[in-house]
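Under this note's numbering, the first residue of the sequence shown is numbered -8, with each subsequent residue one higher. No residue lacks a Cβ here, since even glycine has one placed at the ideal position from N, Cα and C. Below is one structure; the comments refer to it alone.
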Amino acid sequence: MPKLELSDDQVIELVRQLPSEKQDELLRYLLRSRWPRWMELSQYGQERIRQIASERGLNWDALSENEREALIDDLVHEVRQCDP
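As structure tokens, this is what we get:
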């Protein structure tokens, strides 16, 4: 089979032209193919936020949703202050 060279934009445009059932099929394929990596990143993120909370004397699992959001907000602002 000959190899077809397309730009990313061309591929996206072709996907947009697919019937919705085929778009759904493509999405399921992409999710399955990337799921292991996503799970690794998710696990790393969970471990890391627990470690950061612990370093601040907090127990991530015991924090309320509002307390978790406040911690993450603090972290985001710290990173922004460090960026030049």
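Should residue i be labelled buried (16 or more other beta-carbon atoms within 10 Å of its own) or exposed?
i: Ala44; result: buried
Do residue i and residue j have their C-beta atoms within less than 7 Å of each other?
i: Arg41; j: Trp26; result: no
So is residue i in contact with chain B if we call contact Cβ pairs under 7 Å?
i: Asp65; result: Note that chain B does not occur in the displayed structure, where there is just one protein chain.
From which residue to which residue does the alpha helix (DSSP H) around residue i run?
i: Ser60; result: According to the sequence provided, residue 60 is Glu. The question's Ser does not apply to it. From DSSP, the alpha helix (DSSP H) with Glu60 extends over Glu56 to Cys73.
i: Trp26; result: Ser11 to Glu46
i: Asp52; result: From DSSP, Asp52 is part of no alpha helix (DSSP H); its letter is neither H nor E.
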